[in-house]
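What follows is one structure encoded as structure tokens, with my remarks underneath.
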Amino acid sequence: MKFTTIKNILVSLVIPVLFLLSSCKIEPVPDPNNPSLDHLSTNPTKGEIQNLVTGTESGMRTDMSFYWHDLGALGRDYYHTSSSDPRWTTDLVGKAGAVLDNNTFYTTRPYNAAYLVVKNANILLSGLTNTKTSITDQERKVGIAYANTVKAYELLLVWNLQYDNGIRVDVANPDALGPFLSRADALKRIIGLMDSAYTDLNANAATAFPFKTTLYGNTAGEFAKFNRALAARMEVYNSEWSSALTDLENSFFDLNGDLYKGAYYNYSTAGGDLLNPLYIPANSSGEVNIAQTSFVTDAESPADKRLNKVSKRTTPYKTDDITGIYDLFLYKSNIDPLPIIRNEELLLIYAEAKIQLGGISNFMDATIALNKIRVASGLLPYSGPITQSALITEMLKQRRYSLYGEGHRWIDMRRYNLLNTLPNDRPGDHVWPQFPRPAGEPQ
Amino acid sequence: MRINSKTLSTIVGSLLMFPSLIFAQSAIRGTVSDAATGNPLVSASVTLIGTNVTTLTNAEGEFKLTTRNANEKLEITFVGYVPQTVDATNNIAVRLVPDNSRLNEVIVSGLATNIKRSNSANAVASVSSKDLIGTAEQSSVDGALYGKFAGANISSNSGAPGGGITIKLRGITSLVGNSQPLFIVDGVIYDNSSITNGTNFITKAAAQGSTVLQDNPSNRIADLDPNDIDRIEILKGASAAAIYGSKAAAGVVIITTKRGKSGKPKIELSQSIGSQFQLRKLGQRQWDAAKVDSAYGATGLAIYNANNGRIYNYEDELYGNHGLMVDSRLSVSGGNDNTTYYFGATRDDNEGIVKGTGYLKKSFRLSLTQKVTKNLDVSLTSNYVESQADRGLFGNDNTGASMGVGFISTPSWVNLHADAQGNYPNAPFGSSNFLQTRDLITNRELINRTTSGGTATWNVFRSSKNSMKVIANGGIDYYTLNTIGLFPQELQFEKDGLGTNGASIYGTTITRNSNYSLFLVEEFRPNERMSFRTQAGVTQERVNINNVISTATQLIGTQTNVNQAGALQPYQFRTKQLDRGFFVQEEFNYRDIFIATAGLRGDKSSRNGNSDKLYYYPKLSGALNIAEFPSFKSDVISQLKLRAAYGQSGNFAPFGATYTALGPTVFNGTTGSLILTTRGNSNLKPEKQVEFETGIDAGFFHNRISLELTYYRKRVEDLLLPLQVPASSGFTLFWKNAAAIQNKGVEIGLTTIPVSTKDLKWTSRINFWKNKAVVTKLDAPAYNTGGFGASLGTYRIQKGKSPTQLVGVAGPNDKGKIDPESGLALFGDAEPDFQMSFMENLTYKNWEFSALLHWKQGGENINLTTLLTDLSKTSADFDKKTLDPTGKLSNGDYRLSTPGASTFIQNAGYVRIREIGLSYHLPKVWFNDIADVKVGFSGRNLFNWFKYNSYDPEQSNFGSGAISSNVEVTPFPSAKSYNFNLTVIF
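First to last, the sequence lines map onto chains G and A.
Letter by letter, the first sequence follows residues 0 to 442 of numbering that gives the first Met the number 0.
Letter by letter, the second sequence follows residues 0 to 985 of numbering that gives the first Met the number 0.
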């Protein structure tokens, strides 16, 4: 009797207690090492919003060296060479027999980096939309417009690389990615994103961002000028010449202003920060940015100040049958900023749009802009024929020298179907029109 | 009246819990002793058959017991002896015969219960203290286990003093998750992490795409002193390990430390002294001017000529240190019927084969058991360890800083020695002067560790039919690991703008883990033929690891403080985990003929995507003892058991895989958050292992021959992989449960006593094991992993193939080996064809000889040491012409000119005398019978036979990752050692 009683007490008490203990709820352990996506996209604090902006702007620089080196090689501005990787001068330069691989760094890294920034901007966008921190509706709106401007710019970089492959624009939900849009549709969507952002920026021009940005200005009105500058570039790519001119009017375009005024990627030697990836001391070996020699030989005059963008080597550097007489020497230190977009390009966009719209008064306007650049570069004013085709040739030449090494030559030649006119250093070399769609994406 | 008084006495008896008193019966006394020596056996168990009445013998081997009626029988059992059943008569003297078959040892059956091996349905391996350390000196537990039981694949990641060992039980159990078994010491989960020391900053070994760190940290089971261990049980697969649920997919190693026994204090003093030296020397290339010219051109020739033919034996200078090994040990144990104690202290000092390397461990352990009341037993154990390991700098690197790389890139005619002022010249053909590196750097691990645990057992009641106890168990494992990496600025690879002008890498890891459990065990014997045993309980485990590494560079002068530096880069990684679970099990025994067990563990953990979801791990097993059938009569067969067991266990996702997070960035003088490229998956399930095991255990001629035969099949499902996803999502990888692997294997153990006479006894144990694995599911394209890419040989995870297949770029002669899908050739498999071990023990009068021979047949390694040596033209066999079938090319030129990866993937089979020992007990009369003095000689790895073209086929560059071992890159070479031992027991 007694045993049974004790047993019953134990069984009826202990076992339920045991199961009660085991059914105790276990709270999830939040990531002890990093802030979580969930938190930042649902209810970030003001400080965390700033962290997302800083992270986004920092991320915009990640792997941009691959973008520039890619476009440098394909546009025959300069060749990046490295003794530890031959593919810079084989695959990229289209050496006989070589192909662009869809799973190699030159294809995947700039692609991945741009979409990484798009993702971060989408987190910022979602954070701004959902946050319960005290920000005004105007602040929310212009903050979102900022995020959309950054997204559109990064998507344009991908569009530049992928071109006829088309790209995805709707990528906010990793479980339901949007479709691949055609080249034309994608560009339209990117411009649409820019325009809607501009509408909000313009409508709240006096509003300061609820964060600090290093890109361009800290009020919506100032930032809108950066937005319009990029939009003008996109409209030119889209051959919408009048729209480009309208965009320029609302941008920081200044016919008489500093050609280097604009938005930049910034670098520093601070611990953990990045250094200017295009800076390599002159006369280096191993890792060298070799200027394509025709940049010097094609120059209209040795007086062109823009020839100081290269520096003659003490001894030529020969690698993989490419001989470097000049080093790319655009940046004089490892913390020089690199341009995102600057006034010199806007002047050239102005000239291009005017030339394309045609008519003698437009041609004269274009000539004024081109001459601003020629004179600033130490050249005499333009004296060639005032015809559309002659002016296009002149405009493209000025773009080549003014925007040298900044990732434009290849895109410009492709826009004007002139890729076949780009020089080849070795017999059998070949200029690629675009990069393959990266492995991991539906092929 | 009579009825009333009987009822009354029943109640009184019940209250007093002396159920047997109600039957008027007699008390009997007896003694239990060892049949061979006549020594009394202390704490032998004496049970009245068919009841729960049990007593233990005292310090003189005596017991007393009260029987219920006449003609009862007693069963006397003692670990390591054949049990005996005798008639319960007064003044009986039982002499137990030592049992080498081990069929009667007790092994784990549930979280709170044990079972006799002869009744177990699982092939649980066990290693006794004698097996572990009886033959040779051992400084780490995991290294001491190899070859001693079937079913393990053990490799050392480095020969550096202080450990660093990978154990894989029954094949591959995970692709990227934890693949190391769970270690439990006296009920306390013993952390076995390998914690990075930050030297990757110097070597950049993991710089080019590889995320697997290669700094070869030691793993923390090295902290445990093998001398304190009484026995080890190894649950190799889920069929046995299901009781540990979600932590047990890689198996469980249960370690029980020594306890005191009642009796007068036993004092054991032992001292060993020995030496270790390089296991295999490769030699150096012999040079002449023509060879120098062809290898190093005019620059080399100038150095060669200037040196006037002087040659240095750098292999001897770097690896030729005869490391002194001094191990001192004291243990005191004893107690009385209520209290026992055990104290063990060890000082183990091993100097490495490279000057300046070594391992010093000091360990103290105190265990107490106390009978608090008649029904409450408490046992406590506490262990404090401090150790220092100086490990040098070896293995792969991308900067040439590793001493291994520096050594192979130095031809013997280059002088690297310091001048009279202590200034070292730069190595002309490498980026580091390895003599300078050896003499100036520090790469040290310091450990302070306390592990304490306790168990309380409350015998709630005990009657002839029922008994119940409550067992509470818990413990804390706490340690601080301090890693110190000092790389002074005068090093060749730090100065002149080559490095960072010196580096001081200071790491601190604080680990605090705890676990608790509370169990209720009830035994019920409805009659003499059958018994039921029920257990139910709950468990809780907590993990908290905080790893901080500060890397200081641009050092000020010779300062080493991290603030005496121009730049400081911090790193921190924390791991936090809370698990709760329950376990229930029912065991049924019918006359020891049929034994069945069914159990269920449920676990929830914060490591899972859904932290509050219970995952269930069932187990089911049955054993049939044919030899126990009443009708079974045989003089030959003493034991015949058929057994089968099924169980499931789990494995957590790597810490962090459930989180999608943003990492830190520095920009514009401030900090930002940028999304990380690997997307976490909050829906991750734990990896699940399902194992079925079946076998036959047989004993012949009173167990002089015993055979254990086991076949197992285990499937590991829901294996986690970071899968490539469209990069337009912003992510490149996404964690998913995406693969499955099946392992099948056979294990055979044969224990025999070929000779057993009064003076001479020979026992032999032979183990054979073989495992074959295949990837049965892969929801992703096949991919290469481990190693350094297909051109140098790599693992390839591919459906339908072994997960440890080694493939590589094909040469012109490898056409037949090419897999059409990948275009890569199959060159081998890291999994051995089979392994065998032979443990032989011979005693003749006072002499004892034992040896452990280990044979690993087949299994390939990726040997990149030879490649690097060939590239530096320093291979000892560079000029021999034994490889080229046309006889034209020298071995070095032939290997370098052979296209494809075939030359790197080499057979890593071996035969080695892993342990050998000879000891002699001095006659006791010399010491007036006060002391037992033993002198001996022992050796480890003294004899080796292998064709593998490097230091040791057992080494690996990558740590204890799931699929990454068997890749060799200029490691710290393995050592062999010998010791002279003296043991005095009072």
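All residues carry an ideal CB built from backbone N, CA and C; glycine is no exception.
Residue environment for Trp925 (chain A): exposed (fewer than 16 other C-beta atoms within 10 angstroms of its C-beta). Across the stretch 22-35 of chain G, CB contacts with chain A closer than 9 Å involve Ser22, Cys23, Lys24, Ile25, Glu26, Pro27, Val28, Pro29, Asp30, Pro31, Asn32, Asn33, Pro34 and Ser35, in sequence order along the chain. Residue pairing from DSSP places Trp854 (chain A) in a beta bridge opposite A:Met835 and A:Val910. Val561 (chain A) and Lys260 (chain A) have their C-alpha atoms roughly 51 Å apart. When the alpha-carbon of Arg373 (chain G) is set against those of G:Phe434, G:Asp303 and G:Ala352, the nearest one is in G:Asp303.
Take the alpha-carbon of Gly236 (chain A) and the one of Ala248 (chain A): they are about 7 Å apart.
The residue among G:Asp37, G:Val92, G:Met59 and G:Pro85 with its C-alpha nearest the C-alpha of Tyr263 (chain G) is G:Met59. By the criterion of at least three beta-carbon pairs nearer than 8 Å, the stretch 533-546 of chain A is in contact with the stretch 510-525 of chain A.
Counting only Cβ-Cβ distances below 8 Å, Ile555 (chain A) has no contacts in chain G at all, with the closest Cβ about 17 Å away. Ser727 (chain A) places its beta carbon 7 Å or farther from that of Arg108 (chain G). Per DSSP, the beta bridge partners of His920 (chain A) are A:Lys933.
With respect to the 7 Å criterion, Gly394 (chain A) and Val968 (chain A) are classified as neighbours on the basis of their beta carbons. Residues of the stretch 725-748 of chain A that bring their beta carbon within less than 8 Å of a beta carbon in chain G comprise Pro725, Ala726, Ser727, Ser728, Gly729, Phe730, Thr731 and Phe733, in sequence order. In this structure, Asn203 (chain G) lies away from Gln161 (chain G), with their beta-carbon atoms at least 7 Å apart. The C-alpha of Asp602 (chain A) lies about 30 Å from the C-alpha of Ser217 (chain A). For the C-beta of Ala243 (chain G), not a single chain A residue is nearer than 9 Å; the gap to the nearest is close to 28 Å. Between Ile915 (chain A) and Gly891 (chain A), the beta carbon gap of about 36 Å keeps them out of contact (Cβ cut-off 8 Å). When secondary structure is reduced to three states using DSSP, Ser293 (chain A) falls in the helix class. Counted as a single uninterrupted DSSP element, the stretch harbouring Ser630 (chain A) is not any beta strand (DSSP E), since DSSP gives it neither H nor E.
Non-local C-beta neighbours of Ser801 (chain A) in its own chain, meaning closer than 8 Å and more than five positions away in sequence, comprise Lys771, Ala772, Val773, Val774, Asp828 and Glu830, ordered along the chain. A buried status is given to Trp87 (chain G), since no fewer than 16 other beta-carbon atoms sit within 10 Å of its beta-carbon. Where His321 (chain A) is concerned, there is no enclosing alpha helix (DSSP H), because DSSP gives it neither an H nor an E. Judged by their CB atoms, Ile407 (chain A) and Thr868 (chain A) are nearer to each other than the 7 Å cut-off.
Taking the Cα positions, Thr677 (chain A) is about 30 Å away from Thr479 (chain A). Within 7 Å of the CB of Asn50 (chain G), the CB atoms of chain A belong to Thr670, Gly671 and Ser672, in sequence order along the chain. Distance check between Arg579 (chain A) and each of A:Ile740, A:Asn546 and A:Val537 places A:Val537 closest, using alpha-carbon atoms only.
Taking a contact to require three or more Cβ pairs closer than 8 Å, the stretch 328-341 of chain G and the stretch 274-286 of chain G qualify as touching. If you draw a straight line from the Cα of Ser705 (chain A) to the Cα of Ile765 (chain A), it is about 11 Å long. For the 7 Å CB-CB criterion, Asp696 (chain A) and Lys640 (chain A) form a contact. DSSP, read as helix, strand or coil, puts Asn395 (chain A) in coil. With contacts defined by Cβ atoms closer than 7 Å, Glu692 (chain A) and Leu718 (chain A) do not form a contacting pair. Ranking A:Leu110, A:Ser964 and A:Ile984 by CA distance to the CA of Leu517 (chain A) puts A:Leu110 first.
Unbroken beta strand (DSSP E) runs of no fewer than 3 residues, entirely contained in the stretch 362-420 of chain A, are found at 375-389, following chain order. Taken atom to atom, the span from the alpha-carbon of Lys735 (chain A) to that of Val52 (chain G) is near 30 Å. With respect to Ile171 (chain A), Ile796 (chain A) sits apart: the two C-beta atoms are not nearer than 7 Å.
Each of A:Trp846, A:Gly668 and A:Gly698 was checked against the Cα of Ser637 (chain A), and the nearest Cα belongs to A:Gly698.
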